[in-house]
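Novice: One structure follows; several queries about it will come next.
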Amino acid sequence: MSSADLASRLAAYAATRMPTAREVEVRDLSRISGGASRQTYRFRLAWTEEGERRERRMILRRDPPASLIDTERRVEFAAYSAFRGSKVPVPEMIWLEEGSEALDQPFSVAEEITGFEAAPALLWTEPYLASHEALARTKWSILGEIARADPFALGLDSVMPPPEPGACAFRELDMWEKVLDEDQAEPLPITRAAIRWLRANPPPAAQKIGVVHGDFRTGNFLYDRQGGIHGVLDWEMAHLGDPLEDLGWSLNPVWNFKRNLAGGLVPDAVAIAHWEAASGLKADPDALHWWTLFNCVKGQAIWISSARAWIDGGNREPIMVLPAWGMQNAQDRAILKVMDRL
Amino acid sequence: MKPDIPAVLAELAGLVARNAVPDVDPAERAGALGLSAALLGLAAEAWDGAAQRLVEENRALRALLASAGDRASRDAWLAEGGDDDLRISALSSMNARLRAALIDLHAAVERDPSPEARELEAEIWEELRRSTERRLMSGALA
Numbered sequence: 016m017s018s019a020d021l022a023s024r025l026a027a028y029a030a031t032r033m034p035t036a037r038e039v040e041v042r043d044l045s046r047i048s049g050g051a052s053r054q055t056y057r058f059r060l061a062w063t064e065e066g067e068r069r070e071r072r073m074i075l076r077r078d079p080p081a082s083l084i085d086t087e088r089r090v091e092f093a094a095y096s097a098f099r100g101s102k103v104p105v106p107e108m109i110w111l112e113e114g115s116e117a118l119d120q121p122f123s124v125a126e127e128i129t130g131f132e133a134a135p136a137l138l139w140t141e142p143y144l145a146s147h148e149a150l151a152r153t154k155w156s157i158l159g160e161i162a163r164a165d166p167f168a169l170g171l172d173s174v175m176p177p178p179e180p181g182a183c184a185f186r187e188l189d190m191w192e193k194v195l196d197e198d199q200a201e202p203l204p205i206t207r208a209a210i211r212w213l214r215a216n217p218p219p220a221a222q223k224i225g226v227v228h229g230d231f232r233t234g235n236f237l238y239d240r241q242g243g244i245h246g247v248l249d250w251e252m253a254h255l256g257d258p259l260e261d262l263g264w265s266l267n268p269v270w271n272f273k274r275n276l277a278g279g280l281v282p283d284a285v286a287i288a289h290w291e292a293a294s295g296l297k298a299d300p301d302a303l304h305w306w307t308l309f310n311c312v313k314g315q316a317i318w319i320s321s322a323r324a325w326i327d328g329g330n331r332e333p334i335m336v337l338p339a340w341g342m343q344n345a346q347d348r349a350i351l352k353v354m355d356r357l
Numbered sequence: 017m018k019p020d021i022p023a024v025l026a027e028l029a030g031l032v033a034r035n036a037v038p039d040v041d042p043a044e045r046a047g048a049l050g051l052s053a054a055l056l057g058l059a060a061e062a063w064d065g066a067a068q069r070l071v072e073e074n075r076a077l078r079a080l081l082a083s084a085g086d087r088a089s090r091d092a093w094l095a096e097g098g099d100d101d102l103r104i105s106a107l108s109s110m111n112a113r114l115r116a117a118l119i120d121l122h123a124a125v126e127r128d129p130s131p132e133a134r135e136l137e138a139e140i141w142e143e144l145r146r147s148t149e150r151r152l153m154s155g156a157l158a
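Quick note, the sequences are listed as chains A and B, same order.
Counting in the numbering used here, the first sequence runs from 16 upward without gaps.
Counting in the numbering used here, the second sequence runs from 17 upward without gaps.
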């Protein structure tokens, strides 16, 4: 579908969702690079209402034919909506369309948060160098707020099945090991060794059943120059489970970006302290070690599945190859590091 | 590296040709070409050392399987012979069989409480560490 066709069909869809609006137009539609699990576009929606011409900047996220992460967009939409107005900054979700009639694939539309950065690489250039400690405090405090939230009070248990506290770990491990079994294109001796260790050394039951963002890391939030965060993005792997899972993902060494610091920002102990202060939970070192290693396995499964989507021809976009080529060895080395084998 | 480099290069050739058409949206073109450039850089870095890495690794894996004796009996035949076919596809195929055998051997060694098994386990971990050194690329994302 050309950009002009997409803009035209999106405008027609918007008109059906805004019955009092007239002369609905989609302007300046442009694809944002990246976004391996959804095709992401920014655009301006213009319309006339109550005799007045109005305009709003929005983001369209449309499912590709095959994505890096197969997720339920309803779950993602619910997670964003649940945290709207809380201490966890998220963009407003506007429309969720699960049918394929309007744009050939399901999609969602959200407000665009402008004026901030998401790219990790910028953090290690001026003027961001002085913001690392403040950004780390904000980052892991927000993650702690996600952990503190009550998913049942938020109504999220209606779209995300809650596991028993003692079943969180192996439910996740089973799921991601299955992805590896189905998608691996070559044997993975380091990852398989990690899985055997995880099965032989299960963690204690979760302290609580919480909301797990599933991909909370540097690169998936919008930051400013002073260490503030204005939008937590990419909730497509959100689920209910052990809050330590999210902390472990944020400490996966591949997110150090070749710096020996959590998220490339601060020592692990500092990140953990911020998380504990905000969440009111304790990060038991042995349990956190299990979840960090688990997240290395999960990461490998994600990189492997992007390769599989490309190999099978479901998605031949170059973004699907980059994680497979650029992350797989780094993830293996991360596993060795966490297992104290490097 | 999976997907295989030749298949990716062929796909990138088509992508670049499609983006040579004048009326492609500039933002889409920038995204496609930027990602293509990153992949071409990784492919270029892997190209020269690919055969050497695979031959070296296959040799190390055969030595490990040979030293495992009865523990690797199911895959004993893999420990013999060498890499006569030096095409990357043939070397990669043999590498996959050897790494699959290594996984089986590693699991068997972990179940064995003997001191000899601990020694072999340490050798396996050392080879796994070396395998990540062989695959290091300066252009890797992390």
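Think of the CB as a built atom: it goes at the ideal place given N, C-alpha and C, for glycine as much as any other residue.
1) From the DSSP output, in three-state form, read off B/V37 for me.
2) Quick check for students: name the residue ranges of the alpha helix (DSSP H) that lie wholly in the region 88-129 of chain B, counting only runs of 4 or more.
3) Tell me whether A/G225 sits in a helix, a strand or coil according to DSSP, three-state version.
4) What residues in the region 330-356 of chain A bring their beta carbon closer than 7 Å to a beta carbon of chain B?
5) Quick check: A/L195 and A/T206, are their CB atoms within less than 8 Å of each other?
6) What residues in the region 88-119 of chain B have a beta carbon less than 7 Å from any beta carbon of chain A?
7) Using a cut-off of 9 Å between C-beta atoms, extract the partners of A/R211 located in chain B.
8) How many Å lie between A/E64 and A/R37 at the Cα?
9) Just to confirm before moving on: does the CB-CB distance between A/A29 and A/L44 stay below 8 Å?
10) Using Cβ-Cβ distances below 7 Å, what residues of the region 187-207 of chain A are close to chain B?
11) On the three-state DSSP scale, how would you describe A/T206?
12) Please list the partners that B/W141 has in chain A, where partner means a Cβ-to-Cβ separation under 7 Å.
13) Can you tell me whether A/D347 is buried or exposed, with buried defined as 16 or more other CB within 10 angstroms of its CB?
14) Using 8 Å as the threshold, is the C-beta distance between A/R240 and A/G278 below it?
15) At the level of alpha carbons, what is the spacing between A/V336 and A/I317?
16) Return the chain-ordered list of same chain residues with a C-beta closer than 7 Å to the C-beta of A/G243, the five sequence neighbours on each side being excluded.
17) Measuring only the C-alpha atoms, how far is A/D78 from A/L111?
18) Distance, Cα to Cα, B/S52 vs B/G85?
19) Would A/S294 be called buried (16 or more neighbouring beta carbons within 10 Å of its own) or exposed?
Specialist: In short:
1) Looking up residue 37 of chain B in the second sequence gives position 21. Three-state DSSP puts B/V37 in coil, outside helix and strand.
2) 104-127
3) On the first sequence, position 210 is the one that residue 225 of chain A refers to. If DSSP states are grouped into helix, strand and coil, A/G225 belongs with the strands.
4) R331, P333, I334, V336, L337, A339, W340, G341, M342, N344, A345, D347, R348, L351, R356
5) Against the first sequence, residue 195 of chain A aligns to sequence position 180. Against the first sequence, residue 206 of chain A aligns to sequence position 191. Cβ atoms of A/L195 and A/T206: closer than 8 Å.
6) A112, R115, A116, L118, I119
7) Indexing the first sequence from 1 puts residue 211 of chain A at position 196. H122, A123, E126, listed in chain order.
8) Numbered from 1 along the first sequence, position 49 holds the residue referred to as residue 64 of chain A. Numbered from 1 along the first sequence, position 22 holds the residue referred to as residue 37 of chain A. A/E64 and A/R37: Cα-Cα distance of roughly 6 Å.
9) Counted from its first residue, the first sequence places residue 29 of chain A at position 14. Counted from its first residue, the first sequence places residue 44 of chain A at position 29. Not a contact, by the Cβ cut-off of 8 Å.
10) A200, E201, P202, P204, I205, R207
11) Numbered from its first residue, the first sequence carries residue 206 of chain A at position 191. Correct three-state label for A/T206: helix.
12) Working through the second sequence from its first residue, we reach residue 141 of chain B at position 125. Neighbours of B/W141 on chain A, chain order: R356.
13) The residue you call residue 347 of chain A lines up with position 332 of the first sequence. Buried is the call here.
14) For this step, residue 240 of chain A is matched to residue 225 along the first sequence. For this step, residue 278 of chain A is matched to residue 263 along the first sequence. Going by C-beta atoms, A/R240 is not nearer than 8 Å to A/G278.
15) Here residue 336 of chain A is taken as the residue at index 321 of the first sequence, counted from 1. Here residue 317 of chain A is taken as the residue at index 302 of the first sequence, counted from 1. Going from the Cα of A/V336 to the Cα of A/I317 covers about 12 Å.
16) For the purposes of this step, residue 243 of chain A is identified with residue 228 of the first sequence, where counting begins at 1. If we look at A/G243 and ignore the five residues flanking it on each side, its Cβ neighbours are T153.
17) Position 63 of the first sequence, counted from the first residue, corresponds to residue 78 of chain A. Position 96 of the first sequence, counted from the first residue, corresponds to residue 111 of chain A. Distance between the alpha carbons of A/D78 and A/L111: 12 Å.
18) Within the second sequence, numbered from 1, the residue matching residue 52 of chain B stands at position 36. Within the second sequence, numbered from 1, the residue matching residue 85 of chain B stands at position 69. Rounded to the nearest angstrom, the two C-alpha atoms are 46 Å apart.
19) Residue mapping note: residue 294 of chain A aligns to position 279 of the first sequence, counting from 1. Answer is buried; the Cβ neighbour count reaches 16.
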